[in-house]
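Written out below as structure tokens is the structure these notes cover.
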Ligand SMILES: Cc1cc2nc3c(=O)[nH]c(=O)nc-3n(C[C@H](O)[C@H](O)[C@H](O)COP(=O)(O)OP(=O)(O)OC[C@H]3O[C@@H](n4cnc5c(N)ncnc54)[C@H](O)[C@@H]3O)c2cc1C
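In our numbering, the protein residues as written are 13 to 217.
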């Protein structure tokens, strides 16, 4: 592990960093020891550069969504969590030929995404109601319930790698029970899901 990675990371534009954070503050089950740092990239470029520096220095890292599916050890080696909380947390919908697509940042909470869909009269994603995760976590875990799962509605994802942006369409993604297998190693930046227009009162039901 190269020693200079901390100053390299600190000099990346558009990232916030908190050092020596107890991960127990960020997991639903309130478990997890002190992590070297949590990095909050605020742009795609910052995220790509972050991955590049960490990979180059052989520093292990993982993405921290809302921490609702993470059991973290008390004793952690030098490692980094990347959080998209301060990055892509908005959603927008587009309609063409009766088809509606909802594109949202991976850091958005599913509860916020559900509210946006309800306000815009979009139906088809209600199976996510009550799952306490982020969209990125839901994509990676193929989250769902008996009413449906992410694989039913995912159209494509934007991944960030150390080399930049890669768009992956559903035909190149494999899904299994509560697991999504992406062909590229990286961080999910956003996801596009399909939905349908409906009257608000129907969505609310
Ligand atoms: C009370 C409770 C109820 C639950 N109910 C359900 C349920 O009904 N159905 C269900 O499917 N699950 C359920 N879960 C599990 C959990 O909420 C889901 O798996 C959820 O999708 C995890 O999202 P998260 O943002 O919390 O991910 P995290 O727990 O933070 O991370 C999960 C995994 O995804 C990875 N990850 C997260 N974001 C990204 C990203 N942007 N790019 C790449 N990797 C990423 C993480 O590194 C980790 O490997 C429940 C959990 C709890 C505590």
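Cβ atoms here follow ideal geometry from the backbone N, Cα and C, with glycine treated the same way.
Does at least one heavy atom of ligand 1 sit under 7 angstroms from the Cβ of residue 157?
Because some heavy atom of ligand 1 lies under 7 angstroms away, the Cβ of residue 157 counts as near it: yes.
I'd like to confirm something about residue 188: is its beta-carbon nearer than 7 angstroms to some heavy atom of ligand 1, or not?
No, ligand 1 has no heavy atom inside 7 angstroms of this Cβ.
Going by the C-beta, is residue 81 closer than 7 angstroms to any heavy atom of ligand 1?
Residue 81: yes, Cβ under 7 angstroms from ligand 1.
For residue 158, does the three-state DSSP call read helix, strand or coil?
Look at residue 158 here: in three-state DSSP terms it is coil, with no helix or strand label.
Among the candidates 33, 114, 99 and 169, whose CA atom is the shortest distance from the CA of residue 87?
Nearest C-alpha to residue 87: 33.
Pick helix, strand or coil for residue 190, following the three-state DSSP scheme.
DSSP places residue 190 in coil when its eight states are reduced to three.
Distance check for residue 114 and residue 104, CA to CA, integer angstroms please.
If you draw a straight line from the Cα of residue 104 to the Cα of residue 114, it is about 6 angstroms long.
Report the rounded CA-to-CA distance for residue 169 versus residue 117, giving the unit in angstroms.
In a straight line, the C-alpha of residue 169 is about 10 angstroms away from that of residue 117.
In terms of alpha-carbon separation, which member of 38, 108, 26 and 89 lies closest to residue 100?
Among 38, 108, 26 and 89, the Cα nearest to that of residue 100 is on 26.
Does the region 169 to 182 touch the region 76 to 94, meaning 3 or more C-beta pairs lie closer than 8 angstroms?
Taking 8 angstroms as the limit for Cβ pairs, the verdict is that the region 169 to 182 does not touch the region 76 to 94.
Quick one: is the Cβ of residue 153 within less than 7 angstroms of any heavy atom of ligand 1?
Indeed, a heavy atom of ligand 1 lies less than 7 angstroms from the Cβ.
Taking buried to mean at least 16 other C-beta atoms within 10 Å of its own C-beta, is residue 241 buried or exposed?
It is not possible to answer for residue 241, since the shown part of the chain is limited to 13 through 217.
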